[in-house]
Amino acid sequence: MSLASVQTRMPVVAVAGTAADRGHQHGELLRDAIAECVAIYDGVFKLSDDEVARRSAHFEAVTRAWHPELAAEIDAIAESSGQPRHWVWALNARSEIMSFTGAQETECTSVWSPSTTTLAQNWDWLACLEPLTVVLDATHEDDHHVVTVTEPGMVGKVGMSSAGTAVGLNFLYSPEPLDGVPVHVLLRALLDARSHDEVEQVVSTAGTGRSAHVFLAKSNGVGSSIEYTGSQMWRRDSAGDPLLHTNHFVNGGAAGAELPQGAGGPNSEARYDRSVALVDEHGVDSAASVLQLLDDRGNDEFPICRSWAPSPTLGLDSGTVCAVAMRLSDNEMDVRLGPDPSGSWQTHTV
Numbered sequence: 039m040s041l042a043s044v045q046t047r048m049p050v051v052a053v054a055g056t057a058a059d060r061g062h063q064h065g066e067l068l069r070d071a072i073a074e075c076v077a078i079y080d081g082v083f084k085l086s087d088d089e090v091a092r093r094s095a096h097f098e099a100v101t102r103a104w105h106p107e108l109a110a111e112i113d114a115i116a117e118s119s120g121q122p123r124h125w126v127w128a129l130n131a132r133s134e135i136m137s138f139t140g141a142q143e144t145e146c147t148s149v150w151s152p153s154t155t156t157l158a159q160n161w162d163w164l165a166c167l168e169p170l171t172v173v174l175d176a177t178h179e180d181d182h183h184v185v186t187v188t189e190p191g192m193v194g195k196v197g198m199s200s201a202g203t204a205v206g207l208n209f210l211y212s213p214e215p216l217d218g219v220p221v222h223v224l225l226r227a228l229l230d231a232r233s234h235d236e237v238e239q240v241v242s243t244a245g246t247g248r249s250a251h252v253f254l255a256k257s258n259g260v261g262s263s264i265e266y267t268g269s270q271m272w273r274r275d276s277a278g279d280p281l282l283h284t285n286h287f288v289n290g291g292a293a294g295a296e297l298p299q300g301a302g303g304p305n306s307e308a309r310y311d312r313s314v315a316l317v318d319e320h321g322v323d324s325a326a327s328v329l330q331l332l333d334d335r336g337n338d339e340f341p342i343c344r345s346w347a348p349s350p351t352l353g354l355d356s357g358t359v360c361a362v363a364m365r366l367s368d369n370e371m372d373v374r375l376g377p378d379p380s381g382s383w384q385t386h387t388v
């Protein structure tokens with residue numbers, strides 16, 4: 039792939055009906071793209087097929103016990119896509135499986151603006167995923183509606199729902215065993231929640247067992263920065279001050295500071311410090327100031343908006359796959375594909 043962005047609009051994949059209906063539509067519509075994602079992560083994991091099957095079976099069992107509806111949707115994606123069942127489950131647990139392989143990457147800068155009820159972030163990951171990334175537009179039988187930027191074969195990632203909930207994601211490195219509900223399944227479950235009370239039930243029942251930062255925002259103006267390790271969770275809520283996150287622990291105090299940051303530590307700290315400086319200088323009290331933060335390249339070595347460059351840990355090009363801004367007061371999600379700050383935005387309504 040060229041280091042230049044493909045500069046196209048992100049495809050929208052609309053699915054509706056029961057969990058099985060949604061999964062079958064997803065698998066059929068994205069059959070070729072799911073096959074490409076399987077090939078990509080086969081190269082990233084560097085595990086035997088038997089080992090992928092063994093690891094994915096654990097996360098399938100955890101998901102099936104915790105959220106049978108999403109398990110049924112993933113089953114249907116696998117059936118309709120024509121891919122091996124264990125591989126579609128592996129896609130949905132790819133963050134957790136990657137942790138077993140030692141693969142590390144710096145990715146994602148996020149901001150919660152309570153004054154505009156906007157949750158926004160850059161999703162930084164592999165350049166080869168830019169042309170594959172989609173907006174999954176899912177309507178349930180009761181008309182509950184979810185829009186989420188995601189990878190083909192995966193039930194969710196960054197997105198928002200008609201119940202007034204938005205979610206974001208930052209990778210965190212934790213040396214502890216990760217055996218809980220996969221973070222991408224958790225993100226979709228939060229979006230599937232029909233009320234803010236149900237959102238909190240999802241957080242409570244999911245427990246720990248993943249290494250990630252989940253940004254949770256609600257239309258009532260409360261944002262929550264939730265950090266997970268294999269055994270711990272640290273949470274900070276704010277309805278007044280902005281919240282920021284990159285890819286190291288900031289909520290856990292001394293306990294979080296003692297955790298190793300992994301290969302991306304200096305990169306993450308630089309982007310976090312730059313984000314703090316931008317908020318101090320400009321604030322994030324308008325849509326323009328939120329997007330200004332996502333577009334920033336003030337730190338030449340570790341910019342917030344990252345052009346494609348070889349990853350020091352994965353041997354593949356990585357950078358900003360897309361930028362996402364979720365405006366809860368307007369029930370709208372703005373998406374810009376690629377690492378070019380001058381690229382065009384597209385808007386999706388829930």
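Anchor point for the sequence shown: position 41 equals 79 in the working numbering, and the numbering is continuous, going up by one each time.
Yeah, the Cβ is synthetic: ideal placement off N, Cα and C, and Gly gets one too.
- The beta-carbon distance between Asp-275 and Val-260, rounded to whole angstroms, is 6 Å. This is short enough to meet the 8 Å contact definition.
- Sequence-distant Cβ neighbours of Leu-375 in its own chain, meaning closer than 6 Å and more than five residues away, are Met-48, Cys-360.
- Taking a cut-off of 8 Å for Cβ pairs, the region 239–253 and the region 193–209 touch, as three or more such pairs fall below it.
- In this structure, Glu-307 is the residue among Ala-277, Leu-297, Glu-307, Ser-269 with its C-alpha nearest to the C-alpha of Asn-285.
- Runs of the alpha helix (DSSP H) lying entirely within the region 297–372 and spanning at least 4 residues, in chain order: 303–320, 325–333.
- Here DSSP, grouped into helix, strand and coil, assigns Thr-139 to helix.
- Comparing alpha carbon positions, the residue from Gly-357, Glu-296, Cys-343, Arg-102 closest to Ala-131 is Arg-102.
- The alpha carbon of Val-322 has as its nearest neighbour, out of His-124, Phe-138, Thr-155, the alpha carbon of Thr-155.
- In terms of Cβ geometry, Ala-231 and Thr-203 form a close pair [threshold 8 Å].
- Beta-bridge partners of Tyr-266 (DSSP): Ala-250, Met-271.
- One thing to note: Glu-98 has its Cβ no nearer than 8 Å to the Cβ of Ala-57.
- Assigned with DSSP and collapsed to three states, Leu-225 falls in helix.
- In this structure, Val-219 keeps its C-beta atom at 8 Å or more from the C-beta atom of Ile-112.
- The beta carbon of His-320 is closer than 7 Å to those of Ser-327, Gln-330 in its chain, skipping five residues each way along the sequence.
- The beta carbons of Asn-337 and Arg-312 sit about 5 Å from each other, so the pair counts as a contact at 8 Å.
- With contacts defined by Cβ atoms closer than 8 Å, Glu-189 and Leu-170 form a contacting pair.
- For the pair Leu-316 and Leu-164, the CB atoms are not nearer than the 8 Å cut-off.
- Taking the Cα of Ser-86 as reference, the smallest distance to any Cα among Ile-135, His-62, Trp-104 is reached at Ile-135.
- Ranked by Cα distance from Leu-224, the options Thr-246, His-178, His-234, Val-388 are led by Thr-246.
- If you ignore the 5 residues before and after Pro-341, its C-beta comes within less than 6 Å of the C-beta of Arg-335, all in its own chain and listed in chain order.
- Using a 10 angstroms sphere on the CB of Lys-195, the tally of other CB atoms reaches 16 or more, which defines it as buried.
- Here Trp-150 is buried. Its C-beta has 16 or more other C-beta atoms within 10 Å.
- Taking a C-beta distance under 8 Å as the contact criterion, Tyr-79 and Leu-157 do not qualify as a contact pair.
- The straight-line gap separating the alpha-carbon atoms of Gly-303 and Arg-69 is approximately 36 Å.
- If you ignore the 5 residues before and after Arg-273, its C-beta comes within less than 8 Å of the C-beta of Ser-262, Ser-263, Ile-264, Glu-265, Asn-289, all in its own chain and listed in chain order.
- The beta carbons of Gln-299 and Tyr-211 sit closer together than 8 Å.
- DSSP places Ala-110 inside the alpha helix (DSSP H), whose first and last residues are 106–119.
- Nearest C-alpha to Tyr-310 among Glu-296, Ser-324, Leu-332: Leu-332.
- Gly-120 and Leu-67 have their C-alpha atoms spaced approximately 12 Å apart.
- The DSSP-derived three-state label of His-96 is helix.
- Counting along the chain, Asn-160 sits inside the beta strand (DSSP E) bounded by residues 156–164.
- Under DSSP, the beta-bridge partners assigned to Ala-54 are Thr-177.
- Between the C-alpha atoms of Gly-357 and Gly-65 there is a straight-line separation of about 27 Å.
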